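Reviewing the structure listed below.
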Amino acid sequence: MAYFLQFWKDCLAEQKKMKDSSERTNAFQIMVEAQVKGNEQTDRKRDKKMKLENLSEWKIKRGLTDDEILAQCMVFVLAGQHTTSTTLALFAHSIAKSQDIQQKLYDEINTVLGQDSPDYDNIQKLTYLDMCLSETLRKYPVATLINREARNDCIIKGVKIPAGMNISIPVTCVHSNPQYWPDPDTFDPERSDQLAEARSLSLSLSLSLSLSLSLLAKLR
Numbered sequence: 001m002a003y004f005l006q007f008w009k010d011c012l013a014e015q016k017k018m019k020d021s022s023e024r025t026n027a028f029q030i031m032v033e034a035q036v037k038g039n040e041q042t043d044r045k046r047d048k049k050m051k052l053e054n055l056s057e058w059k060i061k062r063g064l065t066d067d068e069i070l071a072q073c074m075v076f077v078l079a080g081q082h083t084t085s086t087t088l089a090l091f092a093h094s095i096a097k098s099q100d101i102q103q104k105l106y107d108e109i110n111t112v113l114g115q116d117s118p119d120y121d122n123i124q125k126l127t128y129l130d131m132c133l134s135e136t137l138r139k140y141p142v143a144t145l146i147n148r149e150a151r152n153d154c155i156i157k158g159v160k161i162p163a164g165m166n167i168s169i170p171v172t173c174v175h176s177n178p179q180y181w182p183d184p185d186t187f188d189p190e191r192s193d194q195l196a197e198a199r200s201l202s203l204s205l206s207l208s209l210s211l212s213l214s215l216l217a218k219l220r
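Residue 48 in the UniProt record's numbering is what sits at position 48 of the sequence shown, and the numbering runs on without skipping anything.
If you want it as structure tokens, here you go:
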């Protein structure tokens with residue numbers, strides 16, 4: 001724990017020194033902006049692109065303290081540890097059962113990376129790898145339930161939902177429903193159209209995974 005705390009302290013100090021850090025679209029920079037600017041607005045267009053609109057709302061008039069930023073960073077590490085390792089294990093298990101998928105993924109990695117080491121920029125070009133990970137998250141979602149509270153009275157398909165009622169959406173059931181995903185038990189990364197529509201949902205469900213990977217890649 002002490003190692004990670006010192007690591008984030010060093011990252012925070014370096015982030016504040018960077019003059020062009022405002023272009024870094026990650027959660028860490030959002031929090032630094034919240035500290036420096038206090039109640040000023042961050043880049044809303046960028047926040048929407050990164051699915052971080054709610055994160056920007058953490059700002060209060062006095063801004064965030066160093067301890068508050070470090071606390072959130074520790075949440076990224078602790079919450080992302082199990083979800084990341086489990087997702088990667090299921091990803092490896094899924095592609096291990098298909099020689100064709102393995103070969104296509106292997107060819108893409110060789111073409112994009114060659115003899116270069118992976119970094120944030122060239123990883124963005126691994127589109128088939130992204131499709132495989134998205135399909136893994138469809139079959140094995142990180143969050144099995146989405147909980148929401150109704151703000152107002154409403155009726156959905158004849159069912160009355162009063163304001164204040166808690167609603168739980170079973171993500172695993174939705175992702176396994178053949179009405180939305182033909183042959184749902186098959187691991188098929190080629191569901192490009194369907195996965196493109198579901199990508200924002202998958203990203204929000206795996207927020208800890210996504211933020212941890214992109215943040216660590218950018219700070220290396």
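Glycine included, C-beta positions come from ideal geometry on N, C-alpha and C. From a predicted model like this one, the values you see are computed outputs, not experimental measurements.
Exercise. Tell me, to the nearest whole angstrom, how far the beta carbon of Val171 is from that of Thr144; I am working on the premise that it is less than 8 Å.
Key: Within the sequence shown, numbered from 1, the residue matching residue 171 stands at position 171. Within the sequence shown, numbered from 1, the residue matching residue 144 stands at position 144. Confirmed, Cβ separation roughly 6 Å.
Quiz item: When we look at the beta-carbon of Cys154 and count the other beta-carbons within 10 Å, is it buried (16 or more) or exposed?
Solution: Taking the first residue of the sequence shown as position 1, residue 154 is located at position 154. Cys154 is exposed by the Cβ-count criterion.
Exercise. Identify whether Ser134 lies in helix, strand or coil by the three-state DSSP scheme.
Key: The count along the sequence shown starts at 1 and reaches residue 134 at position 134. DSSP places Ser134 in helix when its eight states are reduced to three.
Exercise. Taking 7 Å as the cut-off, decide whether the C-beta atoms of Ser85 and Phe187 are in contact.
Key: Along the sequence shown, read from residue 1 onward, the residue named residue 85 stands at position 85. Along the sequence shown, read from residue 1 onward, the residue named residue 187 stands at position 187. Against a cut-off of 7 Å, the Cβ pair of Phe187 and Ser85 comes out as no contact.
Exercise. Could you pull out every residue in the same chain whose Cβ sits closer than 7 Å to the Cβ of Lys9, ignoring the five residues on either side in sequence?
Key: On the sequence shown, residue 9 is found 9 positions in, with the first residue counted as 1. Leu70.
Self-check item: Per-residue burial, Gln124 [other beta carbons within 10 Å of its own, 16 or more giving buried]
Solution: In the sequence shown, the residue the question calls residue 124 occupies position 124. By the 10 Å Cβ count, Gln124 comes out exposed.
Self-check item: Under the three-state DSSP convention, the category Val32 falls into
Solution: In the sequence shown, residue 32 corresponds to position 32, counting from 1. Note: Val32 maps to helix in three-state DSSP.
Quiz prompt | Neighbourhood of Thr136 by C-beta, 7 Å cutoff - its chain only, sequence neighbours within 5 removed | solution = Within the sequence shown, the letter at position 136 stands for residue 136. Excluding residues within five positions, the ones whose Cβ falls inside 7 Å are Thr87, Leu90, Phe91, Ser94.
Self-check item: Cα-Cα separation, Asp116 to Lys160
Solution: As a first step, residue 116 must be located in the sequence shown, where it is residue number 116. As a first step, residue 160 must be located in the sequence shown, where it is residue number 160. So the two alpha carbons sit approximately 57 Å from each other.
Quiz item: Quick one, which of Met31, Phe76, Asp107 has its alpha-carbon nearest Lys16's?
Solution: Along the sequence shown, one-based indexing puts residue 16 at 16. Sorting Met31, Phe76, Asp107 by C-alpha distance to the C-alpha of Lys16 places Met31 at the top.
Quiz item: Quick one: what does DSSP say Lys16 is sitting in, helix, strand or coil?
Solution: Numbered from 1 along the sequence shown, position 16 holds the residue referred to as residue 16. In this structure, Lys16 counts as helix in the three-state DSSP scheme.
Quiz item: How many angstroms separate the CA atom of Ser176 from the CA atom of Arg191?
Solution: If you number the sequence shown from 1, residue 176 lands on position 176. If you number the sequence shown from 1, residue 191 lands on position 191. If I take the Cα positions, the gap works out to 14 Å.
Self-check item: Cβ neighbour criterion (16 or more within 10 Å) applied to Arg148
Solution: Within the sequence shown, numbered from 1, the residue matching residue 148 stands at position 148. Exposed, since its Cβ has fewer than 16 Cβ neighbours within 10 Å.
Quiz item: Is the beta carbon of Phe4 less than 7 Å from the beta carbon of Val112?
Solution: Within the sequence shown, numbered from 1, the residue matching residue 4 stands at position 4. Within the sequence shown, numbered from 1, the residue matching residue 112 stands at position 112. Contact flag unset, no.
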